[in-house]
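Numbering (UniProt numbering), first residue to last: 1 to 313.
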């Protein structure tokens, strides 16, 4: 039996006081789904619709779609796929204009001839123009390169995809936001402890993840024993240490923006609140962690003072 399983093991007749749950999960790259489908899934799983990712703007969808048109090491012809060849091309996407009216991106073809030691550029093989007013784009190309013709054909499909779908990356961010809202502590990548007070949300999150394509989630109840408490304290310690490192870095950075300062302040306040919840959960048994809380409060005050100075400047 693994150490994690031991934390959930309860013998016959033993007390079953629970501290909370471990949730282990993996969100697959194939988990992407349409926004409407995700909204329905949030409702049926019991996870708040407040976690619904914001609608991606058309401009953002254009940038994402066109960035994915880049190709490295593309064969010049279909026949070259069948044999080794010293020639290949790279398709690069470059910004030309980005203002309040439009975004223009250009495809640049870079031909590489290893044998001859030559590198040739063909700029402007295709131009993609996005209109902010129309929230749509057009592509212009006279290129005879098969690879360029192919990626231009993909641009529209990718644009529509990013407008319509919530990506696997977005879904992982959603899961992280839910975990953050319940003061979850990371035990290791993909494994989090959630206090018992948030059991309903934990169960809802499991249903949500399990309903995504090729994704899975498992909940393991954590009983109240010394190994469980040690595991939780270790996870909390790592989180506080990481928070203090980020705060110290922010305090030392003379060029940090007000937005970044406010983000650090918000995170610090959330960590202080989280500490208090765990202090109650563990009946005050926070050996070695009080110094982290003291440092957190000191650096929070220093960040607030730095933010005030930045605001007055």
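Heads up, the beta-carbon is just placed ideally off N, CA and C, and yes, glycines get one too.
Reference residue i; option with closest CA among the options
i: residue 393; options: 241, 261 and 113; result: For residue 393 there is no data in the structure shown, the boundaries of the chain being 1 and 313.
i: residue 144; options: 122, 137, 129 and 155; result: 122
i: residue 168; options: 38, 309 and 18; result: 38
i: residue 106; options: 178, 30, 270 and 128; result: 128
i: residue 51; options: 229, 247, 146 and 182; result: 182
i: residue 137; options: 281, 231, 44 and 66; result: 66
i: residue 298; options: 251, 180 and 276; result: 251
Cβ-Cβ separation, residue j to residue i (assumed contact under 8 Å), whole Å
i: residue 22; j: residue 192; result: 7 Å
i: residue 96; j: residue 104; result: 4 Å
i: residue 235; j: residue 187; result: 5 Å
i: residue 125; j: residue 141; result: 6 Å
i: residue 165; j: residue 31; result: So it is not a contact: roughly 10 Å between Cβ atoms.
Alpha carbon of residue i to alpha carbon of residue j, nearest angstrom
i: residue 151; j: residue 73; result: 14 Å
i: residue 49; j: residue 119; result: 52 Å
i: residue 80; j: residue 139; result: With a pLDDT of only 46 at residue 80, under the threshold of 50, the placement of this residue in the model should not be trusted, and no figure is reported.
i: residue 114; j: residue 89; result: 11 Å
i: residue 223; j: residue 40; result: 34 Å
i: residue 292; j: residue 204; result: 32 Å
i: residue 239; j: residue 111; result: 48 Å
i: residue 244; j: residue 20; result: 26 Å
i: residue 227; j: residue 294; result: 26 Å
i: residue 18; j: residue 281; result: 10 Å
i: residue 207; j: residue 274; result: 25 Å
i: residue 25; j: residue 197; result: 20 Å
i: residue 190; j: residue 176; result: 10 Å
i: residue 308; j: residue 276; result: 26 Å
i: residue 130; j: residue 108; result: 18 Å
Any non-hydrogen atom of the ligand ATP closer than 7 Å to residue i Cβ
i: residue 136; result: In the structure shown, the ligand ATP is absent, as is every other ligand, since no ligand is present at all.
Q: Return the chain-ordered ranges of every alpha helix (DSSP H) run that is complete within the stretch 60–133 and spans a minimum of 4 residues.
A: none
Q: Within the stretch 157–241, note down every full alpha helix (DSSP H) run reaching 4 residues or more, in order along the chain.
A: 168–181 and 199–210
Q) Would the stretch 263–275 and the stretch 295–304 be scored as touching if the rule is three or more Cβ pairs under 8 Å? A) yes
Q) Does the pairing of the stretch 154–165 with the stretch 59–70 give three or more beta-carbon distances under 8 Å? A) Put simply, the stretch 154–165 touches the stretch 59–70. At least three CB pairs are less than 8 Å apart.
Q) Between the stretch 245–261 and the stretch 200–219, are three or more C-beta pairs nearer than 8 Å? A) Result no; under three Cβ-Cβ pairs closer than 8 Å.
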